[in-house]
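Per the UniProt record's numbering: the sequence shown = residues 1 to 339.
Just so you know, even glycine gets a beta-carbon here, dropped at the ideal spot from N, CA and C.
Since we're looking at a predicted model, the values are computed, not measured.
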Amino acid sequence: MTRGENRQILLQRRPDGALRESDFALAASPMPEIRAGQFLLRNACFSLDAGFRKWMNAGADDNYLSAMALGAPVQSIVLGHVTESLHADFPVGSLVLARASWEEFSALDGSDFAQKLEHDGSFPLHEFVAALGPTGMTAYFGLLDVGRPRAGDTVLVSAAGGAVGSVVGQIAKILGCRTVGITSSPEKCRWLTDELGYDAAINHRDPAGLAAAMRETMPDGFDVYFDNVGGAMLDEAVRHMKLGARVVLCGAIADYDHNDRESGMFHMWEFIVKRASAAGFMFSDYVARYPEAVRDLSQWLRDGRLKSVVDIRHGIAETPKAFCDMLSGASRGKCIVQL
1 MTRGENRQIL
11 LQRRPDGALR
21 ESDFALAASP
31 MPEIRAGQFL
41 LRNACFSLDA
51 GFRKWMNAGA
61 DDNYLSAMAL
71 GAPVQSIVLG
81 HVTESLHADF
91 PVGSLVLARA
101 SWEEFSALDG
111 SDFAQKLEHD
121 GSFPLHEFVA
131 ALGPTGMTAY
141 FGLLDVGRPR
151 AGDTVLVSAA
161 GGAVGSVVGQ
171 IAKILGCRTV
181 GITSSPEKCR
191 WLTDELGYDA
201 AINHRDPAGL
211 AAAMRETMPD
221 GFDVYFDNVG
231 GAMLDEAVRH
241 MKLGARVVLC
251 GAIADYDHND
261 RESGMFHMWE
271 FIVKRASAAG
281 FMFSDYVARY
291 PEAVRDLSQW
301 LRDGRLKSVV
311 DIRHGIAETP
321 KAFCDMLSGA
331 SRGKCIVQL
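Set out below in structure tokens:
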């Protein structure tokens, strides 16, 4: 029996600054052979997540996951169906979400965040990597558990038009909060307010400056800041905290291209005088509570209170461009590659 080949996207060069499509290469390898305790996953979707950019850098081994190896397939959260199995918990036909790679087929052993899912057809399959997947879980638990918003609170969100930010703002509105989103253009500002229901939006590239925009949109400051960016934006935001504010540290897009330096925080005194707090988290911390989030997120989707914004690209060869577009802000909402 001829098993054919397995197309993959390899990391062929360590990024130097901003990621480029030429940092990747499309290649083909023999179809994986599974061993006892493994199963073969035919990948249907790649979840494109900005955090994986950090692990493409050299020397990222002390950063939650090991640095990606040069010449190896790029790591990613994937969704797929089991086509062969020597693993009792993952029989043929199972729908599985796992950390694998940008490749058509992955041989897995059930570790690396592998979860068997049930799909009853109520939602498109891709929602399991979007609003009902890691993106939705990150927004849900980060806001509710770390941010702890109350009705009437002002919630500020950076990268508000991105995968997580677009969900965070909508959940905050469902909870009765006032929402302010930070994004990168006047067009995206209008989209945030007109389509996603943000009460106000800030273009961080406006020549008038970020500080002035924050004072104008939040004259009394914020109660919760859901930070996806880090860097200078975070440093400016903490100057606008209310007493007892909570800062949710979810991402640091501003730092992903610079593995050899860390952005300085110059306004730490604000946390003391405002009695504020900041905490980081990972969506994987909440695996045991996923059913709770899926229940609420599913209901909000059915009710039309939550819109799932997705940018779907097609074909494995499109993955490098899609990932670069996502990092540069050229896409809106959750960027997904369907195979």
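Checklist entry - residue 39 and residue 109: beta carbons closer than 9 Å? => result yes
Checklist entry - Is residue 300 buried or exposed, if buried means 16 or more other CB atoms sit within 10 Å of its CB? => result buried
Checklist entry - For residue 149, is the classification buried or exposed, using 16 other Cβ atoms within 10 angstroms of its Cβ as the cut-off for buried? => result Buried.
Checklist entry - What separation, rounded to the nearest whole angstrom, lies between the Cα atoms of residue 1 and residue 73? => result Annotation note: pLDDT 37 at residue 1 (below 50); position unreliable, coordinate value reported separately. Cα to Cα, residue 1 sits roughly 25 Å from residue 73.
Next on the checklist: Between the alpha carbons of residue 115 and residue 98, how many angstroms are there, rounded?
Outcome noted: 6 Å
Checklist entry - Which full runs of the alpha helix (DSSP H) of 4+ residues lie inside the stretch 83-141, going along the chain? => result 134-141
Item to check | Collapsed DSSP secondary structure at residue 214 in the structure displayed | outcome: helix
Next on the checklist: Along the chain, where does the alpha helix (DSSP H) containing residue 175 start, and where does it finish?
Outcome noted: Looking at the DSSP string, residue 175 is not in any alpha helix (DSSP H), and its letter there is neither H nor E.
Next on the checklist: Please classify residue 191 as buried or exposed, where buried requires at least 16 neighbouring CB atoms within 10 angstroms.
Outcome noted: buried
Next on the checklist: Tell me the DSSP secondary structure of residue 280 in three-state form.
Outcome noted: strand
Item to check | C-beta contact flag for residue 284 and residue 131 at 9 Å | outcome: no
Item to check | Span separating the alpha-carbon of residue 240 from that of residue 90 | outcome: Computed Cα separation, rounded: 49 Å.
Next on the checklist: Just to check my reading of the structure: residue 326 and residue 143 have Cβ atoms closer than 8 Å, yes? What is that Cβ distance to the nearest angstrom?
Outcome noted: Not quite, the Cβ-Cβ distance comes to about 21 Å (not below 8 Å), so this is no contact.
Checklist entry - What whole-angstrom Cβ distance do residue 136 and residue 293 have, given they're in contact under 8 Å? => result About 7 Å separates the two Cβ atoms, so the contact holds.
Item to check | Whether residue 123 touches residue 289 by CB criterion (9 Å) | outcome: no
Checklist entry - Which term fits residue 158, buried or exposed, when burial requires 16 or more other beta carbons within 10 angstroms of its beta carbon? => result buried
Checklist entry - Between residue 228 and residue 107, what straight-line distance do the alpha-carbon atoms span, to the nearest angstrom? => result So the two alpha carbons sit approximately 32 Å from each other.
Item to check | Range covered by the alpha helix (DSSP H) that runs through residue 297 | outcome: 290-303 is the extent of the alpha helix (DSSP H) around residue 297.
Checklist entry - Does the stretch 11-24 come close enough to the stretch 318-338 that 3 or more CB-CB pairs lie under 8 Å? => result yes
Next on the checklist: If you measure between the beta carbons of residue 346 and residue 165, is that distance less than 9 Å?
Outcome noted: Any property of residue 346 remains undetermined from this structure, which presents the chain solely from 1 to 339.
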